[in-house]
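End of the sequence shown sits at 1503 in this note's numbering; the numbers just go up one at a time, nothing left out.
Report on the following structure.
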Amino acid sequence: MLTVPATVLVETHLTYYGPFDEEQIETALAHPQVVVALQPGLLPEQADLLARLLAEAFRTGAPLEQALSSFTSVAEVNVREWFDETADDIEESAFRIALAVFDGATYAAVNEAGQELARRLQPPPQPLPKDAPPAPVASPFKKTRRSDRLQRARAHLVARPASTEYADNTTIEVVELEDAGYSTALLKYLWTELDDLRPTLLAWLSDYAINARSRELRLRAAGAAGALGALEFNTIRERLFRPWALSESADSDQRRHQFQAVGNALGILIWNDARAEDVLGLLRAWVIDLGRPVLKWVAARSYAQVGLRYPREAINQWRRILESETSVVLRLTDTLRLSIPHPLHMSVFDAIVSLFLRAVEFPHRLRPIYEQALEGLSAWVDADLRERDSEHLGLPLFLVLTAIGMPADNGSGDPEQWPPAMLHIIGTQPDATYRRLLAGLWRRALKDAVLSAHAAAALHHWVECAGRDDWLEGTLLEMLREMLAAPDCSERERNRLYVYLSRWASAPKSPLEAADRLLHALDL
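The following block contains the structure:
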């Protein structure tokens, strides 16, 4: 079973908290205190806590020693005392559970979630005697102040940048636990020590994972379900994952949210070394479940997140789903977009594109994800050539994926101007294996009788992007040399590339100077 190094886990989680300078991250990971923390290996939740503490230090300039002071196992030791402080108060106990699950959401959202859980936990009221005096009405001004409540709950308000419906760059006030380790520690405590609460806790989490108005709340609730799955996988699979996947709701939005909840939960759980094989086994079983075809849909969508750890597995299973269907109709439009009339087929291709798009959000994991995914794509194309009844979808999919751009660190700029992510990766490491795979796919696409015009258009885009960056142009030159150096590269292929570059270099309206430079550098 693949074991993810602790440093990779921390780097992956760091990308969630914001773009940081690579040198800054390397310096932090080499810090003696961090090295010690990484030595025994980390659970995903511990990696997330460490990444969050490092991110806070990067933003505030605080010394790493200070930032890492709370990265200990103190959370599990202290969480029982922290939670039991409010054991006699259902509302406050429910509020602290909501804090653990929705840490990082707004105070209003956390408070509302706590109130909803309190209603579910509240025992049914006992009927009062007829002659009982009316209960005194509590003054609304006697309630605990928010600041006092948060202080006792060891939480605080923080301003965070956000985008809203009306503004791309604004700030919102969110509530955060002072020790983020309490989130996982409290879920573990509730599940293992207060097991009578399990049905209520699961019903509440399920309701929020599917029906919460905010996507952020749905993500956090599903993530909590994934964390519980690490404690007792079979129980969570039967009580949450399967019911979500086998939704019979007539509401298409609710069904979509249920499918997303499965993917979000499994996307958290897949990083748990002890449960990764359980997740992969579950999805493989769903892919081949002939009696319940809806499970194939859910698996297809879930691989978009599970594939961040197992890209090649995701590609293999997506191909399996498509090849199990008949008459997959796929067309490439003039703008290199897929036209697919069948909903399941479209869902699969959406999920594949989603994996490649999500990968560029993890710059420190980008190359491994793309390398393994490209291995899967190359194997897909090989199988298309080998198998007589294949749907021959590998190359069209590859051409669509070549258009995915690599955004700037801050996400700014015109996406049309972003360099192709597949091309960018070639220049990040000296190893030629990835470059060779990519060159092989380009050769096949350019030679394909049906796809050659689309492949030429995609390559034109790469040359255009490379012309804006000397480093990227050099990277493209190396890939083209790899294509031409293949032992079986024919004179016809060389001539084809010569014609394309010559045409683009001398185009009357918009000649590409980069095409002319490449033409001369390749000595065609």
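Ideal placement from N, C-alpha and C gives every residue a C-beta, glycine not left out.
*Can you pull the DSSP bridge partners for glutamate 1155?*
Note: glutamate 1155 sits in a beta bridge opposite His1135.
*Out of Val1266, Ala1203 and Leu1476, point me to the one whose CA is closest to leucine 1078's CA.*
When each option's Cα is compared against that of leucine 1078, the closest is Ala1203.
*Three or more C-beta pairs closer than 8 Å, one from the stretch 1332 to 1344 and one from the stretch 1257 to 1276: is that the case here?*
Pairwise C-beta distances place the stretch 1332 to 1344 out of contact with the stretch 1257 to 1276, as fewer than three of them are shorter than 8 Å.
*Hey, out of Phe1074, Ile1405, Pro1347 and Val1080, whose CA is closest to glutamine 1094's CA?*
Comparing Cα-Cα distances from glutamine 1094 to each of Phe1074, Ile1405, Pro1347 and Val1080, the minimum goes to Phe1074.
*What is the DSSP secondary structure of leucine 981, counted as helix, strand or coil?*
Reliability of the predicted coordinates at leucine 981 is poor, the pLDDT of 39 falling under 50, and no value is obtained from them.
_Extent of the continuous alpha helix (DSSP H) run through leucine 1505_ = The structure shown does not extend to residue 1505, since the chain spans only 980 to 1503, so no value can be given for it.
*Closer than 6 Å by C-beta to threonine 1241: which residues in its own chain qualify, once you throw out the five before and the five after it? Chain order, please.*
In the sequence on display, residue 1241 carries valine and not threonine. The residues Phe1220, Trp1223, Ala1224, Val1277 and Ser1281, in chain order, have a CB closer than 6 Å to that of valine 1241 in the same chain once the five nearest residues on each side in sequence are set aside.
*Closest residue to leucine 1459 among Asp1082, Ala985 and Leu1417 (Cα-Cα distance)*: Residue Leu1417 holds the alpha-carbon nearest to the alpha-carbon of leucine 1459 among Asp1082, Ala985 and Leu1417.
*Given threonine 1454 as reference, the closest of Ala1009, Thr1085 and Pro1399 once Cα atoms are compared*: The shortest Cα separation from threonine 1454 among Ala1009, Thr1085 and Pro1399 belongs to Pro1399.
*For isoleucine 1247, does the three-state DSSP call read helix, strand or coil?*
Isoleucine 1247 carries a helical assignment under DSSP once its states are collapsed to helix, strand and coil.
*asked:* As an exercise, report each continuous beta strand (DSSP E) stretch of at least 3 residues that is fully enclosed by the stretch 1142 to 1220, in chain order.
replied: Taking only runs of at least 3 residues, the beta strand (DSSP E) segments lying wholly in the stretch 1142 to 1220 are 1149 to 1156.
*Using the beta-carbon count (16 or more within 10 Å), is alanine 1331 buried or exposed?*
It is isoleucine, not alanine, that sits at residue 1331 in the sequence shown. Buried is the label assigned to isoleucine 1331, since at least 16 other Cβ atoms lie within 10 Å of its Cβ.
*Residue from Ser1469, Glu1472 and Leu1498 with nearest C-alpha to arginine 1482*: Of the candidates Ser1469, Glu1472 and Leu1498, the one whose C-alpha sits nearest the C-alpha of arginine 1482 is Leu1498.
*Determine the DSSP secondary structure at proline 1140, reduced to helix, strand or coil.*
Looking at proline 1140 - three-state DSSP - the assignment turns out to be strand.
*Using a Cβ-Cβ cut-off of 6 Å (strictly less than) and excluding sequence neighbours within five positions of glutamine 1351, which residues of its own chain qualify?*
Closer than 6 Å at Cβ, skipping near neighbours: Pro1290 and Arg1291.
_Between which residues of its own chain and leucine 1476 is the CB-CB distance below 8 Å, once the five residues before and five after are set aside?_
Within the same chain, Leu1425, Leu1459, Met1462, Leu1463, Leu1501 and Leu1503 come within 8 Å of leucine 1476 by CB-CB distance, once the 5 residues on both sides are set aside.
*Three CB pairs or more closer than 8 Å across the stretch 1062 to 1076 and the stretch 1088 to 1103*: Result yes; three or more Cβ-Cβ pairs closer than 8 Å.
*Could you give the distance in angstroms between the alpha-carbon of aspartate 1082 and the alpha-carbon of histidine 1324?*
About 37 Å.
*Scan the stretch 1450 to 1490 and note each continuous alpha helix (DSSP H) run of 4 residues or more that stays entirely inside, going in chain order.*
Contiguous alpha helix (DSSP H) elements confined to the stretch 1450 to 1490 occur at 1470 to 1484, taking only those with 4 or more residues.
*Exposure of tryptophan 1421, with buried meaning 16 or more beta-carbon neighbours within 10 Å*: Result: buried.
*asked:* Quick check on the DSSP output: the alpha helix (DSSP H) that includes tryptophan 1265 runs from which residue to which?
replied: Tryptophan 1265 -> alpha helix (DSSP H) spans 1255 to 1266.
*asked:* Less than 7 Å between the beta carbons of alanine 1046 and leucine 1032, yes or no?
replied: Contact: yes.
_In the DSSP output, what is proline 1399 paired with across the bridge?_
In the DSSP output, where bridge partners are listed per residue, proline 1399 has Gly1384.
*Take the Cβ of glutamate 990 as the centre, count every other Cβ of all protein chains shown within 10 Å, and call the residue buried at 16 or more, exposed below.*
When all chains shown are included, glutamate 990 counts as buried.
*Can you say whether arginine 1199 is buried or exposed, counting buried as having 16 or more other CB atoms within 10 angstroms of its CB?*
Around the beta-carbon of arginine 1199, 16 or more other beta-carbon atoms lie within 10 Å, marking it buried.
*Reference asparagine 1509, options Ala1036, Glu1492 and Ala1159, closest by Cα*: What the structure shows of the chain is the stretch from 980 to 1503, and residue 1509 is not part of that stretch, so it cannot be assessed.
*Who are the near neighbours of isoleucine 953 in its chain, counting only those whose CB is closer than 7 Å to its CB and skipping five residues on each side?*
Residue 953 is absent from the model: the chain starts at 980 and stops at 1503.
_Span of the alpha helix (DSSP H) around serine 1431_ = Taken as a continuous stretch (DSSP letters only), the alpha helix (DSSP H) holding serine 1431 covers 1431 to 1445.
*For alanine 1494, which of Trp1441, Trp1250, Ala1111 and Gln1101 has the nearest alpha-carbon?*
Of Trp1441, Trp1250, Ala1111 and Gln1101, the smallest CA-CA separation from alanine 1494 is found for Trp1441.
_One question on the structure: do histidine 1371 and aspartate 1363 come within less than 7 Å of each other, judged by their Cβ atoms?_
Aspartate 1363 sits close to histidine 1371, with the two beta carbons spaced by under 7 Å.
*With 16 other Cβ atoms within 10 Å as the buried cut-off, status of threonine 1179*: Classification of threonine 1179: exposed, given that the 10 Å Cβ count is below 16.
_Rounded straight-line distance, which links the Cα of glutamine 1284 to that of aspartate 1329_ = Spanning the two alpha carbons is a distance of roughly 12 Å.
*In chain order, what residues of the same chain lie with their CB nearer than 8 Å to the CB of phenylalanine 999, ignoring the 5 residues before and after it?*
Apart from sequence neighbours up to five positions away, the residues of its chain that approach phenylalanine 999 with a beta-carbon distance below 8 Å are Leu993, Ala1034 and Phe1037, ordered along the chain.
*Please state if the CB of glutamine 1237 and the CB of isoleucine 1189 are separated by a distance shorter than 7 Å.*
Judged by their CB atoms, isoleucine 1189 and glutamine 1237 are nearer to each other than the 7 Å cut-off.
*Should glycine 1205 and leucine 1248 be called a contact, given that it needs their Cβ atoms to be closer than 7 Å?*
Between glycine 1205 and leucine 1248, the C-beta gap is smaller than 7 Å, which places the two residues in contact.
_Cα-Cα separation, glycine 1373 to aspartate 1427_ = Approximately 12 Å between the Cα atoms of the pair.
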